[in-house]
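In what follows, a single structure is set out as structure tokens and then discussed.
4 protein chains.
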Amino acid sequence: MIYKVGVNGVTGRMGVEVAALLGQGLQLASNYLELADAVANSDKVTSVEGVTVRTWKSPSREPVHVWVDFSRPAATMSMLESIDTPVVICTTGFSESELAKIENYSKRHAVLLAANTSPGMSVVRRFLAQALPPTDWGFSAHVEDIHHRHKRDAPSGSAKEIVRLLEKAGYEGVQVHAIRTGGVVGEHEVRLISDNEEISIVHRAFDRRVFAKGSLLGAVKLLSVGKSGLYSWDELFSDAFEGRSE
Amino acid sequence: MIYKVGVNGVTGRMGVEVAALLGQGLQLASNYLELADAVANSDKVTSVEGVTVRTWKSPSREPVHVWVDFSRPAATMSMLESIDTPVVICTTGFSESELAKIENYSKRHAVLLAANTSPGMSVVRRFLAQALPPTDWGFSAHVEDIHHRHKRDAPSGSAKEIVRLLEKAGYEGVQVHAIRTGGVVGEHEVRLISDNEEISIVHRAFDRRVFAKGSLLGAVKLLSVGKSGLYSWDELFSDAFEGRSE
Amino acid sequence: MIYKVGVNGVTGRMGVEVAALLGQGLQLASNYLELADAVANSDKVTSVEGVTVRTWKSPSREPVHVWVDFSRPAATMSMLESIDTPVVICTTGFSESELAKIENYSKRHAVLLAANTSPGMSVVRRFLAQALPPTDWGFSAHVEDIHHRHKRDAPSGSAKEIVRLLEKAGYEGVQVHAIRTGGVVGEHEVRLISDNEEISIVHRAFDRRVFAKGSLLGAVKLLSVGKSGLYSWDELFSDAFEGRSE
Amino acid sequence: MIYKVGVNGVTGRMGVEVAALLGQGLQLASNYLELADAVANSDKVTSVEGVTVRTWKSPSREPVHVWVDFSRPAATMSMLESIDTPVVICTTGFSESELAKIENYSKRHAVLLAANTSPGMSVVRRFLAQALPPTDWGFSAHVEDIHHRHKRDAPSGSAKEIVRLLEKAGYEGVQVHAIRTGGVVGEHEVRLISDNEEISIVHRAFDRRVFAKGSLLGAVKLLSVGKSGLYSWDELFSDAFEGRSE
Numbered sequence: 031m032i033y034k035v036g037v038n039g040v041t042g043r044m045g046v047e048v049a050a051l052l053g054q055g056l057q058l059a060s061n062y063l064e065l066a067d068a069v070a071n072s073d074k075v076t077s078v079e080g081v082t083v084r085t086w087k088s089p090s091r092e093p094v095h096v097w098v099d100f101s102r103p104a105a106t107m108s109m110l111e112s113i114d115t116p117v118v119i120c121t122t123g124f125s126e127s128e129l130a131k132i133e134n135y136s137k138r139h140a141v142l143l144a145a146n147t148s149p150g151m152s153v154v155r156r157f158l159a160q161a162l163p164p165t166d167w168g169f170s171a172h173v174e175d176i177h178h179r180h181k182r183d184a185p186s187g188s189a190k191e192i193v194r195l196l197e198k199a200g201y202e203g204v205q206v207h208a209i210r211t212g213g214v215v216g217e218h219e220v221r222l223i224s225d226n227e228e229i230s231i232v233h234r235a236f237d238r239r240v241f242a243k244g245s246l247l248g249a250v251k252l253l254s255v256g257k258s259g260l261y262s263w264d265e266l267f268s269d270a271f272e273g274r275s276e
Numbered sequence: 031m032i033y034k035v036g037v038n039g040v041t042g043r044m045g046v047e048v049a050a051l052l053g054q055g056l057q058l059a060s061n062y063l064e065l066a067d068a069v070a071n072s073d074k075v076t077s078v079e080g081v082t083v084r085t086w087k088s089p090s091r092e093p094v095h096v097w098v099d100f101s102r103p104a105a106t107m108s109m110l111e112s113i114d115t116p117v118v119i120c121t122t123g124f125s126e127s128e129l130a131k132i133e134n135y136s137k138r139h140a141v142l143l144a145a146n147t148s149p150g151m152s153v154v155r156r157f158l159a160q161a162l163p164p165t166d167w168g169f170s171a172h173v174e175d176i177h178h179r180h181k182r183d184a185p186s187g188s189a190k191e192i193v194r195l196l197e198k199a200g201y202e203g204v205q206v207h208a209i210r211t212g213g214v215v216g217e218h219e220v221r222l223i224s225d226n227e228e229i230s231i232v233h234r235a236f237d238r239r240v241f242a243k244g245s246l247l248g249a250v251k252l253l254s255v256g257k258s259g260l261y262s263w264d265e266l267f268s269d270a271f272e273g274r275s276e
Numbered sequence: 031m032i033y034k035v036g037v038n039g040v041t042g043r044m045g046v047e048v049a050a051l052l053g054q055g056l057q058l059a060s061n062y063l064e065l066a067d068a069v070a071n072s073d074k075v076t077s078v079e080g081v082t083v084r085t086w087k088s089p090s091r092e093p094v095h096v097w098v099d100f101s102r103p104a105a106t107m108s109m110l111e112s113i114d115t116p117v118v119i120c121t122t123g124f125s126e127s128e129l130a131k132i133e134n135y136s137k138r139h140a141v142l143l144a145a146n147t148s149p150g151m152s153v154v155r156r157f158l159a160q161a162l163p164p165t166d167w168g169f170s171a172h173v174e175d176i177h178h179r180h181k182r183d184a185p186s187g188s189a190k191e192i193v194r195l196l197e198k199a200g201y202e203g204v205q206v207h208a209i210r211t212g213g214v215v216g217e218h219e220v221r222l223i224s225d226n227e228e229i230s231i232v233h234r235a236f237d238r239r240v241f242a243k244g245s246l247l248g249a250v251k252l253l254s255v256g257k258s259g260l261y262s263w264d265e266l267f268s269d270a271f272e273g274r275s276e
Numbered sequence: 031m032i033y034k035v036g037v038n039g040v041t042g043r044m045g046v047e048v049a050a051l052l053g054q055g056l057q058l059a060s061n062y063l064e065l066a067d068a069v070a071n072s073d074k075v076t077s078v079e080g081v082t083v084r085t086w087k088s089p090s091r092e093p094v095h096v097w098v099d100f101s102r103p104a105a106t107m108s109m110l111e112s113i114d115t116p117v118v119i120c121t122t123g124f125s126e127s128e129l130a131k132i133e134n135y136s137k138r139h140a141v142l143l144a145a146n147t148s149p150g151m152s153v154v155r156r157f158l159a160q161a162l163p164p165t166d167w168g169f170s171a172h173v174e175d176i177h178h179r180h181k182r183d184a185p186s187g188s189a190k191e192i193v194r195l196l197e198k199a200g201y202e203g204v205q206v207h208a209i210r211t212g213g214v215v216g217e218h219e220v221r222l223i224s225d226n227e228e229i230s231i232v233h234r235a236f237d238r239r240v241f242a243k244g245s246l247l248g249a250v251k252l253l254s255v256g257k258s259g260l261y262s263w264d265e266l267f268s269d270a271f272e273g274r275s276e
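Take a look at the structure:
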């Protein structure tokens with residue numbers, strides 16, 4: 031399939047990455063994606079990857095199958111008033127009323143709301159939800175979260191989610207060891223240690239383009255879902271992991 | 031619960047480890063296990079952890095709830111003619127007709143047939159069966175298998191099983207890099223690498239007692255199953271992983 | 031100190047990275063570095079980080095303390111005819127006669143000739159030269175080299191250098207396991223395994239800017255050397271590691 | 031060479047390991063070692079690996095070339111009054127006056143005084159003394175120390191020594207992350223992270239026999255030194271690392 035993708039927040043740090051991936055056309059999971067529309071509030075940048083950057087007030091360039099949004103809450107709201115397609119929302123910091131508007135929009139269209147679109151981190155979450163050893167096998171859990179020195183929050187949102195999933199499986203008192211230093215894009219490790227053996231799972235992002243790539247994987251998946259609804263990443267892709275066990 | 035455990039092949043390399051774990055009584059997964067009977071063909075060792083080592087021809091010492099077998103096929107067959115309880119069979123190398131006898135025994139009792147009883151390796155297999163990224167996410171898979179220099183087979187049985195599960199999920203052409211050196215008890219690593227990120231899962235055994243511990247976890251689990259049948263480790267414990275996802 | 035740096039090959043893949051580091055001024059090892067001159071054969075790019083890109087035939091912009099060269103042999107030769115300062119040469123593929131010209135130039139100025147300017151890889155080489163266990167301690171050595179799928183040579187130049195240093199210390203028959211996949215910038219691992227323990231050293235580059243940063247560390251070091259000569263990275267920095275042992 | 035080794039504290043946790051290594055004769059670093067004398071205060075064990083266990087008051091079994099001591103300070107002092115050979119002292123907790131007696135003994139014989147005889151940990155210390163990146167290269171250092179849940183001190187003595195060596199090289203404010211859990215024999219990791227790359231060195235002991243093996247390597251080395259003196263492990267083996275750099 032050929033899909034036309036629109037990008038909201040195209041001049042932002044992540045929007046630029048999404049546009050760059052789409053720039054020359056992107057072959058992704060058996061589909062072909064093209065950059066069809068680029069929106070931002072910026073006056074400084076007039077075009078991205080050969081596509082004119084417009085605001086929501088300007089007329090759109092061409093029809094779009096799916097939107098990807100890496101912007102700010104107000105810009106996301108403007109988007110929802112202007113579009114009529116599935117949308118991947120990676121913006122964060124919504125108020126209750128803004129979330130209500132997103133939920134309302136999701137009654138007509140498929141919406142993926144995902145603060146973290148790293149496909150690999152979803153594999154780690156899946157491991158934690160499906161494959162953790164039962165607590166009576168005698169393992170203790172230890173989490174490490176290493177990021178560059180510019181990252182302000184520690185532990186990271188992903189580390190907190192890891193702890194939540196460990197607690198859900200019955201692991202108690204799990205500590206996160208967070209390091210903020212140098213240029214580490216993002217590394218999370220979960221070590222499970224017993225008297226006789228150890229299992230560790232490590233996720234390492236090479237660059238932040240991983241989130242752009244993930245948002246586009248999400249966009250393609252939304253288009254295949256074929257019905258409205260508000261999805262988390264893990265809900266959206268749950269069927270992709272099924273039907274494999276013996 | 032208090033369970034009396036019998037060990038067949040108690041003077042062998044692994045049988046000794048099982049007996050040592052049971053020697054002073056073992057608290058395991060909310061149960062209390064004791065060494066109740068010890069069987070071997072050896073004349074050299076007369077007692078293990080305070081329990082007389084007998085042969086199957088000698089009268090049994092005391093009633094046993096569950097048997098653990100680390101012996102040879104002929105000794106396993108002798109055992110099946112003498113006992114009337116659930117049994118964990120960790121012996122390998124059975125002929126077709128011997129397997130048929132085991133299957134026949136399993137019509138009356140719960141039987142765990144497991145060449146590898148490392149609880150942690152079952153977590154790795156569970157990861158591979160349940161949480162591998164879909165192949166269209168762009169990951170390639172790489173397997174490493176490191177063992178001590180006395181191990182003759184390379185790749186290991188576990189490494190082959192890892193490859194089988196990767197292939198089942200659609201990963202093709204997976205290579206195993208096997209190293210045999212020094213005193214490494216056993217290490218397996220699966221690395222999944224894409225353009226933007228990496229997930230790796232590593233299992234490391236500290237000592238071979240891990241297999242003894244696992245066989246006893248299996249014994250306790252058999253006793254809770256409450257019905258006859260022939261189980262693999264993964265089948266026996268499948269319910270222990272369920273009911274956790276959101 | 032404030033140093034003015036010139037970049038030869040400034041429109042190339044690595045030249046761009048060096049210019050980007052210097053663009054806003056760079057604080058490096060107690061010095062302040064500025065981009066002072068930018069040279070390339072390209073007509074397409076007219077300025078880099080606010081500095082006009084010129085050819086060696088155009089008049090220079092301003093005096094330069096040290097040059098960094100990431101270009102091609104012919105462009106390096108043009109440079110040597112035009113400059114009169116220390117120079118870091120990271121270009122590769124020189125002929126014998128070109129190397130002779132570089133050596134001749136080094137009679138008047140300090141020259142660092144370095145195919146790989148990753149500071150971290152020099153730490154690994156230093157480890158291999160200074161701290162490897164004596165061979166009669168019973169360790170075997172194993173090397174892994176993982177790079178992105180676009181890298182054509184396998185093993186890498188660094189992996190070959192690692193093997194050379196292991197052989198120099200008496201380790202024989204060392205195998206390199208090379209993987210080319212996904213977007214791994216560059217990872218090298220040396221594992222030393224005996225019957226009772228293991229030491230592993232891993233180097234991981236986050237992005238190729240590491241080579242740009244290293245070339246500038248080399249430039250600063252050349253300026254402090256204060257005498258002419260042709261240096262490898264390890265020779266140039268050998269004194270930086272000394273005088274620490276007890 | 032064939033060396034006769036005596037073991038003081040032969041019924042203790044580590045003494046047993048030394049005796050087990052020597053039991054059938056041990057080929058080590060081109061030498062052949064045999065267990066020649068076994069001393070302990072215990073009445074319970076009468077022989078170890080076929081050698082009678084005696085006390086210092088009983089007559090010695092046969093001449094010994096070198097002694098290995100894993101005991102308690104008082105037993106070490108008894109030993110020094112009874113022997114007249116080089117000695118490896120791995121006992122800890124000496125008072126000032128006891129240390130003075132050891133030093134006095136070392137005027138007549140070569141003495142290795144080493145709390146930790148893991149050969150691999152000495153490689154890590156050598157790395158820290160010889161190969162750490164200069165501080166102005168922009169690396170920060172992070173230390174991890176993982177041991178079994180029975181280990182009481184945290185950080186470990188080795189982790190403290192690692193920090194001391196990092197500080198000696200100018201690294202400030204280094205944190206140790208210590209984990210005490212399960213059956214981890216001993217793992218130490220030093221990670222050096224900058225904006226663009228990372229170097230990590232990991233040491234992992236497989237079992238405590240590593241310390242027994244190391245004490246015997248020390249014994250052999252003492253015999254080759256050929257002069258009296260009190261040595262640390264790193265002093266004793268410093269020449270084994272030299273003469274390799276280019």
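Protein chains in written order, with the working numbering: chain A, 31 to 276; chain B, 31 to 276; chain C, 31 to 276; chain D, 31 to 276. For each residue, glycine too, the CB sits at the ideal point set by N, CA and C.
- Message: Using a 10 Å radius around the Cβ and a threshold of 16 neighbouring Cβ atoms, would you call D:G80 buried or exposed?
- Response: Position 50 of the fourth sequence, counting from 1, holds the residue named residue 80 of chain D. Its Cβ having fewer than 16 others within 10 Å, D:G80 is exposed.
- According to DSSP, what are the bridge partners of C:D237? Counting from one through the third sequence, the residue named residue 237 of chain C turns up at place 207. In DSSP, C:D237 forms no bridge with anything.
- Message: Please identify the residue among D:G244, D:Q54, D:L266, D:K257 whose C-alpha is closest to the C-alpha of D:M44.
- Response: Position 14 of the fourth sequence holds residue 44 of chain D. Measuring from the Cα of D:M44, the nearest candidate turns out to be D:G244.
- Query: Thinking C-beta only, is B:I223 closer than 8 Å to C:V214?
  - Reply: Position 184 of the third sequence holds residue 214 of chain C. Position 193 of the second sequence holds residue 223 of chain B. Closer than 8 Å, so yes.
- Message: So the candidates are B:S60, B:W97, B:P89; which of them puts its Cα closest to the Cα of B:A249?
- Response: As a working note, residue 249 of chain B is residue 219 in the second sequence. Nearest of B:S60, B:W97, B:P89 to B:A249, Cα basis: B:W97.
- Reduced DSSP category for B:E276 - H, G, I as helix; E, B as strand; rest coil: Walking along the second sequence from the start, residue 276 of chain B turns up at place 246. Annotation note: pLDDT 41 at B:E276 (below 50); position unreliable, no value reported.
- Task: Note down, in chain order, all residues in the region 204 to 221 of chain B with a beta-carbon under 9 Å from any beta-carbon belonging to chain D.
- Result: G212, G213, V214, V215
- Cutoff 8 Å; reference D:E276; Cβ partners in own chain excluding five residues on either side: Position 246 of the fourth sequence, counted from the start, is the residue given in the question as residue 276 of chain D. At D:E276, the pLDDT of 42 sits below 50, so the modelled position is not reliable and the matter cannot be decided from this model.
- Item | Beta-carbon proximity check, D:R138 vs D:S258, cutoff 8 Å | Locating residue 138 of chain D in the fourth sequence gives position 108, counting from the first residue. Locating residue 258 of chain D in the fourth sequence gives position 228, counting from the first residue. Yes; because the gap between Cβ atoms is below 8 Å, this pair is in contact.
- Quick one: grab the DSSP three-state call for C:Y201. Taking the first residue of the third sequence as 1, we reach residue 201 of chain C at position 171. If DSSP states are grouped into helix, strand and coil, C:Y201 belongs with coil.
- Message: Could you tell me the alpha carbon to alpha carbon distance between C:A199 and C:P164, rounded to whole angstroms?
- Response: As a working mapping, residue 199 of chain C is identified with position 169 in the third sequence. As a working mapping, residue 164 of chain C is identified with position 134 in the third sequence. Those two C-alpha atoms are separated by around 8 Å.
- Message: With a threshold of 8 Å between beta-carbons, can D:F100 be considered close to chain B, or not?
- Response: In the fourth sequence, residue 100 of chain D corresponds to position 70, counting from 1. Taking Cβ atoms only, chain B never reaches closer than 8 Å to D:F100, which makes this a no.
- Helix, strand or coil for D:G80 per DSSP? Position 50 of the fourth sequence, counted from the start, is the residue given in the question as residue 80 of chain D. DSSP places D:G80 in coil when its eight states are reduced to three.
- Message: Please state whether the Cβ-Cβ distance between A:M151 and A:H233 is less than 8 Å.
- Response: The count along the first sequence starts at 1 and reaches residue 151 of chain A at position 121. The count along the first sequence starts at 1 and reaches residue 233 of chain A at position 203. Against a cut-off of 8 Å, the Cβ pair of A:H233 and A:M151 comes out as a contact.
- Message: To test your reading of the DSSP string, which unbroken alpha helix (DSSP H) runs of 4 or more residues are found completely within the region 88 to 137 of chain D?
- Response: Restricted to the region 88 to 137 of chain D, the alpha helix (DSSP H) segments that are unbroken, complete and at least 4 residues in length are 103 to 112, 126 to 135, listed in chain order.
- Item | Residue-level contact to chain C via CB, B:D225, 8 Å cutoff | Looking up residue 225 of chain B in the second sequence gives position 195. It does: the Cβ of B:D225 has a partner Cβ on chain C nearer than 8 Å.
- Item | Residues that DSSP places opposite D:I223 in a beta bridge | Along the fourth sequence, read from residue 1 onward, the residue named residue 223 of chain D stands at position 193. Residue pairing by DSSP puts D:I223 in a beta bridge opposite D:S170, D:E228.
- Query: Quick one: is B:S170 near chain C, going by C-beta distance under 8 Å?
  - Reply: Your numbering for residue 170 of chain B matches position 140 in the second sequence. With 8 Å as the cut-off, B:S170 counts as an interface residue toward chain C.
- Message: For the region 235 to 247 of chain A, list every residue whose C-beta sits within 9 Å of some C-beta in chain B, in sequence order.
- Response: A235, F236, D237, R238, R239, V240, F241, A242, K243, G244, L247
- Query: Going by the beta-carbon positions, is the gap between B:E128 and B:M107 smaller than 8 Å?
  - Reply: Within the second sequence, numbered from 1, the residue matching residue 128 of chain B stands at position 98. Within the second sequence, numbered from 1, the residue matching residue 107 of chain B stands at position 77. In this structure, B:M107 lies closer than 8 Å to B:E128 by Cβ.
- Query: Does any heavy atom of the ligand COA sit closer than 7 Å to the C-beta of B:I32?
  - Reply: Among the ligands in the structure shown, none appear at all, so the ligand COA cannot be discussed.
- Message: If you reduce the DSSP assignment to three classes, tell me which class A:P185 lands in.
- Response: Counting from 1 along the first sequence, the entry for residue 185 of chain A is found at position 155. Correct three-state label for A:P185: coil.
- Spatial distance of B:V83 from B:L246 (CA atoms): What you label residue 83 of chain B is simply residue 53 of the second sequence in a count that begins at 1. What you label residue 246 of chain B is simply residue 216 of the second sequence in a count that begins at 1. Near 19 Å, if we compare the C-alpha coordinates of B:L246 and B:V83.
- Beta carbon of D:D99, beta carbon of D:N146: below 8 Å? As a first step, residue 99 of chain D is located in the fourth sequence; it is residue number 69 there, counting from the start. As a first step, residue 146 of chain D is located in the fourth sequence; it is residue number 116 there, counting from the start. No, the Cβ-Cβ distance between D:D99 and D:N146 is not below 8 Å.
- Query: Should D:E228 be flagged as near chain C, meaning a C-beta pair shorter than 8 Å?
  - Reply: As a working note, residue 228 of chain D is residue 198 in the fourth sequence. At least one chain C Cβ lies under 8 Å of D:E228.
- Which residues share a DSSP beta bridge with D:A68? What you label residue 68 of chain D is simply residue 38 of the fourth sequence in a count that begins at 1. Per DSSP, D:V37, D:V83.
- Could you work out which residue in C:T115, C:P103, C:A140, C:S112 is closest to C:E126 when comparing CA atoms only? The count along the third sequence starts at 1 and reaches residue 126 of chain C at position 96. Taking only the C-alpha atoms, the option nearest C:E126 is C:P103.
- Query: Do D:A49 and D:V78 come within 8 Å of each other at the CB atom, strictly closer than that value?
  - Reply: As a position in the fourth sequence, residue 78 of chain D is number 48, starting the count at 1. As a position in the fourth sequence, residue 49 of chain D is number 19, starting the count at 1. Taking 8 Å as the Cβ cut-off, D:V78 and D:A49 qualify as a contacting pair.
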